[in-house]
Amino acid sequence: MGSGCSVIGDSTSTEEKKIHTQQEIVNQHIEKEIIAEKRKKILKLLLLGPGDSGKSTTLKQIRIIHDQGFSEEEKIQRKYIIYLNLIAGMVSIINGLKELSMNYQIPNSEVYLVTALNIN
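Numbering of the sequence shown is given in UniProt numbering, commencing with residue 1 and proceeding in unit increments.
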């Protein structure tokens, strides 16, 4: 009879081991989720200031440094804005040279002026 009890006891301990192993797996999974949630903590930031004080620029820099950066669509939009700003700066310089009646130092520069002034 003693050996019969030990067989039942052995099967119970095997089942308990399986249950214990499954519980450990579940516990590990839960711990991983808790750690992941802690990493995902959201930080909200309120940027106050007058127009053209650098709020958007600051936010963009934070995003570039600490996040995944910009999507491809956002990169295309930003590229367009950068080109427009560059052209606007060129036009300002050209108009300033005209107002001050300054001559261009590079020969045939007038050819490029027409192109720069006609870009919309």
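Beta carbons: idealized from backbone N, C-alpha and C, even for Gly.
Given the structure is predicted, the values throughout are model-derived calculations rather than measurements.
Determine the DSSP secondary structure at residue i, reduced to helix, strand or coil.
i              : result
serine 92      : helix
leucine 47     : coil
tyrosine 104   : coil
lysine 40      : coil
isoleucine 119 : coil
serine 71      : coil
serine 53      : coil
serine 13      : helix
valine 7       : Residue confidence is low: valine 7 scores 48 on pLDDT, short of 50, so the model does not pin down where it sits. No coordinate-derived value is stated.
Measure the Cβ-Cβ separation of residue i and residue j and say whether it is below 8 Å.
i             : j              : result
isoleucine 82 : isoleucine 119 : no
leucine 48    : threonine 58   : no
Discussion item. Is it the case that the region 54–67 contacts the region 90–104, given that we only count it when at least three CB pairs across the two stretches are under 8 Å?
Written reply: The region 90–104, when compared against the region 54–67, does not touch it at the 8 Å Cβ threshold.
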